[in-house]
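The sequence shown maps to residues 0 to 303 in numbering that gives the first Met the number 0. In what follows, a single structure is set out as structure tokens and then discussed.
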Amino acid sequence: MLRRHFLRTSALALGAAPLTSLFSKQFNALLAPQITMIRDNVGFYTNRGGSIGLYLPAGKPEGGAVIDTQFPEQATTLLEMLRDQGQLTQLSLLANTHHHGDHTGGNGVFADLAKDYVSHARAQKNLADNLKKNDREGSMPLPKTTFTTDWSMALPDGKERVTMKHFGPAHTGGDAVIHFEQANVAHLGDLLFNRRFPYIDPGAGGDIINWASVMKKIRKHYDRDTVFIFGHAAESYAVTGTSEDLKAFENYLNYLRKYVKKAKKAGTSIEALQAKTTTIPGAPEWRFGERMRNVNLQVMYEAL
């Protein structure tokens with residue numbers, strides 16, 4: 000597919016998606032394009048949309064990996080930056096943490112360059128369903144390879160192995176944690192929103208009650224030295240962190256459940272609960288994104 004055609008049709012598809020009306024305004028502010036390296040050739044890119052994970056092996060421009068792709072324009076900017084720096088001619092791997100448009104919108108920019116394109120099976124289905132629903136079938140490439148529990152590959156430079164793992168329904172039903180084992184850096188996608196109220200997508204298999212359990216499983220699976228890349232962060236907060244940040248988000252989800260359960264048991268309506276709530280008792284750090292706070296309350300209220 001020609002990239003110009005992809006940019007045009009993908010923009011139309013994304014514009015038609017119901018997710019963008021609320022979610023994009025809340026989480027996808029435009030930032031200056033920037034590549035930040037973490038360690039051992041692994042880093043991330045920020046611009047507009049969910050953080051993009053990168054593996055850029057020195058002297059191996061054909062052996063890299065890209066995790067998530069933001070939107071077409073932002074993905075194109077990243078590709079041009081990498082080409083200008085001589086860091087990318089071909090990819091060993093393109094992978095998606097989940098299906099949402101701010102993480103997959105630029106897939107067509109990178110898909111033709113990738114030897115393999117991988118996601119969880121439910122993420123592939125969610126992406127295909129969204130395209131069909133919006134009359135945009137064929138406007139965006141779908142993952143070639145899918146998995147249900149685990150998937151891994153050794154990258155051709157011989158220095159890194161990528162593992163993708165699904166810990167259960169949470170943000171969506173197809174979330175994957177993508178781990179660069181040697182660097183010990185893991186991309187969480189939208190399994191963690193750093194200090195801002197998260198988006199939950201029950202229609203795509205998301206489970207706000209199970210989400211806390213998923214965070215605990217992730218904390219136990221990786222170690223204290225693991226650096227995590229987050230999909231989004233509140234202003235002035237980082238898009239990388241440690242297991243302590245996972246624990247803090249797990250606590251937010253548990254306190255949210257406790258707070259809503261108590262209010263519902265007392266007969267408080269969802270409207271009254273939303274009107275009186277500014278922060279969740281026990282989790283005051285989560286205070287950014289008023290509209291999404293109300294969504295969190297409502298989704299939890301309906302789930303209990």
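Even for Gly, the Cβ is constructed at its ideal location relative to N, Cα and C.
Start and end residues, alpha helix (DSSP H) containing residue 84: Unbroken run through residue 84: none, as it is neither H nor E.
Helix, strand or coil, according to DSSP, for residue 93 in the structure here? strand
Given this structure, state the Cα-to-Cα distance separating residue 297 from residue 58, to the nearest angstrom. 50 Å
Looking only at C-alpha atoms, which of 161, 53, 145, 144 sits nearest to residue 151? 161
Does the region 38–56 come within contact of the region 181–193, defined as at least 3 CB pairs closer than 8 Å? yes
C-alpha gap between residue 228 and residue 247, whole angstroms: 15 Å
Report the residue from 224, 187, 102, 225 whose alpha carbon sits nearest the alpha carbon of residue 210. 187
In this structure, does DSSP put residue 160 in helix, strand or coil? strand
Where does residue 73 sit, in a helix, a strand or coil, going by DSSP? helix
Looking at residue 172: is its Cβ nearer than 7 Å to the Cβ of residue 204? yes
From the DSSP output, which residues share a beta bridge with residue 44? 34, 51
Minimum C-alpha distance to residue 108 - residue among 136, 78, 222: 78
Span of the beta strand (DSSP E), counted from its first residue to its last, around residue 152: 149–153
Buried or exposed by the 16-neighbour rule on C-beta atoms within 10 Å, applied to residue 268: exposed
Residue interval of the beta strand (DSSP E) (run including residue 63): 63–66
For residue 171: DSSP bridge partner residues: Looking at the DSSP assignment, residue 171 forms no beta bridge with any residue, so it has no partner.
Compare the beta carbon distance of residue 207 and residue 80 with 7 Å and say whether it is the shorter of the two. no
Under a three-way DSSP split, which group does residue 109 fall into? helix
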